[in-house]
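Residues in the sequence shown are numbered from 2 upward in steps of one, following my numbering.
These notes concern the structure reproduced below.
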Amino acid sequence: MLKKIPLHTQIIIGLVLGLIFGLVVIKTSIPNSFTIDYIKPFGTIFINGLKMIAVPLVLASLIVGVSNLGDVSKLSRIGGKTIGTYLVTTVLAVTIGLVMVNVFKPGKSLPPETRENLMSLYEGDAGSRVGQAAELQKQSPLQPLVDIVPDNVFSATTDNAAMLQVVFFAILVGIALLKIPKAKAAPVIAFFDGMNDVIIQIVNFIMMIAPFGVFALMASLIVEIAGENPDSAVQLLMALLKYSLVVLGGLFTMILVVYPAILMAFTKVKYRDFFRAIRPAQLLAFSTSSSSATLPVTMKQVEEELGVSEEISSFVLPLGATVNMDGTSLYQGVAAVFIAQALGMELSLTQQLMIVLTATLASIGSAGVPGAGLIMLIIVLESIGVPAAGIALIIAPDRILDMFRTVVNVTGDATVCTIVASTEGELPDGLIRKSNPLTPNE
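In structure tokens, the structure reads:
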């Protein structure tokens, strides 16, 4: 019976039941220790599972993504436009997210008592950061640049906080695979391609326990923060609502403002026609929360409805499914600052710039599957010294927000694909109508 229920519905059921269970515990005589000792560990296992596959996920998917560039001499121009535009839209997305979360401050709405309870949950992590912060103040201004290059790549792969080093190494490997003879590169690429599929399957395994993990995280979070004051739980839920509205506001800004502006600047395509053409891909993205699963429909729509050549779409869109995660990057920026605000931590301008850098680079290695955004958020949090366990604060609405941000991811891919085709002179003046734009083509 459970298998017949879609995963996203199971997760929603899990978080609702976790919320109800937590409220029941704090309203009745059930000891809080039962939830902490016997329920919370399952949530911890879920988070550890996500952490476990973060490094191999980034390493394999990024190497495959870069090596898929193919013949550098032939595709260098298109590749440069594609990657450059993807990076620009990703930086714009993170920046919009940071501006909105700093303006509306959803995490600041928590009262001091609730914030102190939250801080006490993670005081071990927070205390360990004090010494690290003192060390950072003594470092050279160029130390972050130095830190990108690992002195031992195997050591870097054992530390999620060193993810930028893993990204740097993966990019080097991908470029090197393009430079050596294809006969020698093929088995290496095939290995990482297969490894990437294996990692994605492991993500699927981990997401199978997501309903139970979400239940445990939600129940234990409500119990822990409520303490002797049950009203704290309600206050946290109101803060989560404000946080969700800030994320949604940023995502709709990307779809309704940023992408139309870019299309108007570089193409003659009307955004209403563009939106109508890719609507099937957006609907599929919303229902699956997977830009990779949506890729075939996205390619079909931009080719048949927008007239983009197969040569352009077959290069730009698969690459975009790997390296372009505008919605996910925006969400990471908002979530990281919200968690810091909720824990009473002040983020400096340097730390927020680090969010832009880390979220942009992390999105390059983010697989287009449900749950990958949560993994990348852990990377962003650890890069700025915010306790990674703080994701328990925002995991409740994550699945719902994942559906919306995947729509933005797919829309961004299609936008960049249309722009590249236009600049290459391969976009017709009028839209092609080979199929019904309201439904995926058979």
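Even glycine gets a Cβ: it sits at the ideal position worked out from N, Cα and C.
Note to self: So the candidates are Asn153, Gly19, Asp274; which of them puts its Cα closest to the Cα of Phe43?
What the structure shows: The residue labelled residue 43 in the question sits at position 42 within the sequence shown. With distances taken between Cα atoms, Phe43 lies closest to Gly19.
Next item on the list: Under the assumption that Val387 contacts Ile340 (Cβ atoms under 8 Å), give the Cβ distance between them as a whole number of angstroms.
Entry: Numbered from 1 along the sequence shown, position 386 holds the residue referred to as residue 387. Numbered from 1 along the sequence shown, position 339 holds the residue referred to as residue 340. That belief holds up - the Cβ atoms of Val387 and Ile340 are roughly 6 Å apart, short of 8 Å.
Note to self: What does the Cβ neighbour count give for Asn410, buried or exposed, with the cut at 16 atoms within 10 Å?
What the structure shows: Here residue 410 is taken as the residue at index 409 of the sequence shown, counted from 1. Asn410 is buried by the Cβ-count criterion.
Check: Touch check for the segment 20-32 and the segment 193-205: three-plus C-beta pairs under 8 Å?
Finding: With a cut-off of 8 Å, the segment 193-205 and the segment 20-32 do not count as touching, because too few Cβ pairs lie within range.
Next item on the list: Rounded to whole angstroms, what's the CA-CA distance from Ser221 to Asp274? Just pull it up for me.
Entry: Locating residue 221 in the sequence shown gives position 220, where the first residue counts as 1. Locating residue 274 in the sequence shown gives position 273, where the first residue counts as 1. Cα-Cα distance, rounded: 47 Å.
Item checked: Touch test, the segment 259-268 against the segment 88-104, Cβ-Cβ under 8 Å, three pairs minimum -> Contact holds: three or more Cβ-Cβ distances are below 8 Å.
Margin query: For a quick check, are the C-beta atoms of Thr158 and Val56 less than 8 Å apart?
Written below: Along the sequence shown, read from residue 1 onward, the residue named residue 158 stands at position 157. Along the sequence shown, read from residue 1 onward, the residue named residue 56 stands at position 55. Against a cut-off of 8 Å, the Cβ pair of Val56 and Thr158 comes out as a contact.
Next item on the list: In angstroms with no decimal places, state the Cα-to-Cα distance between Asp194 and Ala184.
Entry: In the sequence shown, residue 194 corresponds to position 193, counting from 1. In the sequence shown, residue 184 corresponds to position 183, counting from 1. Each residue's Cα considered, the two are about 16 Å apart.
Next item on the list: Under 8 Å by Cβ, that's how I've got Ile12 and Pro212 pegged, so tell me the actual separation to the nearest angstrom.
Entry: Counting from 1 along the sequence shown, the entry for residue 12 is found at position 11. Counting from 1 along the sequence shown, the entry for residue 212 is found at position 211. With a Cβ gap of about 5 Å, Ile12 and Pro212 count as contacting.
Margin query: Between Asp38 and chain B, is the shortest Cβ-Cβ distance under 8 Å, so that the two count as touching?
Written below: In summary, chain B is missing from the structure at hand, where a single protein chain is found.
Margin query: As a quick exercise: from Gly80, Val59, Ser245, Gly98, pick the residue whose alpha carbon is nearest that of Leu444.
Written below: Past the edges of the chain, shown from 2 to 443, lies residue 444, and the structure says nothing about it.
Next item on the list: Could you spell out where the alpha helix (DSSP H) holding Asp152 opens and where it closes?
Entry: Here residue 152 is taken as the residue at index 151 of the sequence shown, counted from 1. Per DSSP, Asp152 lies in no alpha helix (DSSP H) and is assigned neither H nor E.
Check: If you draw a straight line from the C-alpha of Leu344 to the C-alpha of Gly334, how long is it?
Finding: As a working note, residue 344 is residue 343 in the sequence shown. As a working note, residue 334 is residue 333 in the sequence shown. Answer to the nearest angstrom: the Cα atoms are 16 Å apart.
Item checked: Any non-hydrogen atom of the ligand COA closer than 7 Å to Val150 Cβ -> This structure lacks the ligand COA, and indeed carries no ligand of any kind.
Check: Alpha carbon to alpha carbon, how far is Ala422 from Ala415?
Finding: Stepping through the sequence shown from its first residue, residue 422 is reached at position 421. Stepping through the sequence shown from its first residue, residue 415 is reached at position 414. Their Cα atoms are separated by approximately 11 Å.
Check: With respect to the alpha helix (DSSP H) encompassing Pro7, which residues constitute its N-terminal and C-terminal limits?
Finding: The residue you call residue 7 lines up with position 6 of the sequence shown. Note, Pro7: premise wrong, no alpha helix (DSSP H); not H, not E.
Next item on the list: Measure the alpha-carbon distance for Val338 versus Leu375 and round it to whole angstroms.
Entry: Locating residue 338 in the sequence shown gives position 337, counting from the first residue. Locating residue 375 in the sequence shown gives position 374, counting from the first residue. Counting only the Cα atoms, Leu375 lies some 15 Å from Val338.
Item checked: Beta-carbon proximity of Ser310 to Met300, cut-off 8 Å -> Here the question's residue 310 lines up with position 309 in the sequence shown. Here the question's residue 300 lines up with position 299 in the sequence shown. It is not a contact, given that the beta carbons lie outside the stated cut-off.
Margin query: So, under 8 Å CB-CB, Gly15 and Val224 are touching, yes? Tell me the CB distance rounded to an integer number of Å.
Written below: On the sequence shown, residue 15 is found 14 positions in, with the first residue counted as 1. On the sequence shown, residue 224 is found 223 positions in, with the first residue counted as 1. Not a contact, Cβ separation roughly 16 Å.
Next item on the list: Kindly list the residues whose CB is nearer than 7 Å to the CB of Ala240, restricted to its own chain and excluding five residues on each side of it in sequence; keep chain order.
Entry: Position 239 of the sequence shown, counted from the start, is the residue given in the question as residue 240. Beyond the five residues adjoining it in sequence on each side, Ala240 comes within less than 7 Å, by CB distance, of Pro107, Gly108, Ser110, Leu111, Ala343 in the same chain, given in chain order.
Margin query: If we require 4 or more residues per run, which alpha helix (DSSP H) segments fall completely within the segment 153-203?
Written below: Those alpha helix (DSSP H) runs which fall completely within the segment 153-203 and span 4+ residues are 154-157, 164-180.
Checklist line | Sequence-distant residues of its chain with Cβ nearer than 8 Å to Val270 (five each side left out) | finding: Here residue 270 is taken as the residue at index 269 of the sequence shown, counted from 1. Counting only Cβ-Cβ distances below 8 Å, and skipping sequence neighbours, we find Leu264, Leu307, Thr419, Ser423, Leu428, Leu432.
Note to self: Less than 6 Å between C-beta atoms, sequence neighbours within five positions excluded: which residues of the same chain meet that for Gly175?
What the structure shows: The residue labelled residue 175 in the question sits at position 174 within the sequence shown. Once the five neighbours on either side are set aside, the close Cβ partners of Gly175 are Ile64, Val67, Ser68.
Checklist line | Per-residue burial, Asp152 [other beta carbons within 10 Å of its own, 16 or more giving buried] | finding: Within the sequence shown, residue 152 is the residue found at index 151, counting from 1. Residue environment: Asp152 is assigned as exposed (fewer than 16 neighbouring CB atoms within 10 Å of its CB, all protein chains considered).
Check: Which two residues bound the contiguous alpha helix (DSSP H) that contains Thr36?
Finding: Numbered from its first residue, the sequence shown carries residue 36 at position 35. Note, Thr36: premise wrong, no alpha helix (DSSP H); not H, not E.
Notebook entry, point to check: What residue from Leu378, Val317, Pro281 has the CA that sits closest to Arg78's CA?
Noted result: Numbered from its first residue, the sequence shown carries residue 78 at position 77. Measuring from the Cα of Arg78, the nearest candidate turns out to be Val317.
Check: By DSSP, does Leu296 sit in helix, in strand, or in coil?
Finding: Counting from one through the sequence shown, the residue named residue 296 turns up at place 295. In the three-state reduction of the DSSP assignment, Leu296 falls in the helix class, which pools H, G and I.
Next item on the list: Between the Cα of Met209 and those of Val417, Val408, Ile6, spot the shortest distance and give me the residue it belongs to.
Entry: Here the question's residue 209 lines up with position 208 in the sequence shown. It is Ile6 whose Cα lies nearest to the Cα of Met209.
Checklist line | Buried versus exposed call for Tyr39 [16 or more other C-beta atoms within 10 Å across all chains shown] | finding: As a first step, residue 39 must be located in the sequence shown, where it is residue number 38. By the C-beta density criterion, Tyr39 is exposed, having fewer than 16 other C-beta atoms within 10 angstroms.
Margin query: On the DSSP letters alone, give me the boundaries of the alpha helix (DSSP H) that Ala337 sits inside.
Written below: Taking the sequence shown and counting its residues from 1, one reaches residue 337 at position 336. Here the alpha helix (DSSP H) through Ala337 covers 327-343.
Checklist line | Local Cβ density within 10 Å of Ala94, reported as buried at 16 or more and exposed below that | finding: Stepping through the sequence shown from its first residue, residue 94 is reached at position 93. Ala94 should be labelled buried.
Check: For Gly251, is the classification buried or exposed, using 16 other Cβ atoms within 10 angstroms of its Cβ as the cut-off for buried?
Finding: Numbered from its first residue, the sequence shown carries residue 251 at position 250. In this structure Gly251 is buried. Its beta-carbon is surrounded by 16 or more other beta-carbon atoms within 10 angstroms.
Next item on the list: Would you mind working out which of Ala217, Pro182, Asn325, Ala191 sits nearest Lys444, comparing C-alpha positions?
Entry: No information on residue 444 is available, as it lies outside the stretch 2 to 443 that the chain covers here.
Check: What first and last residue would you give for the alpha helix (DSSP H) that runs through Val417?
Finding: Residue mapping note: residue 417 aligns to position 416 of the sequence shown, counting from 1. Unbroken alpha helix (DSSP H) run through Val417: 399-424.
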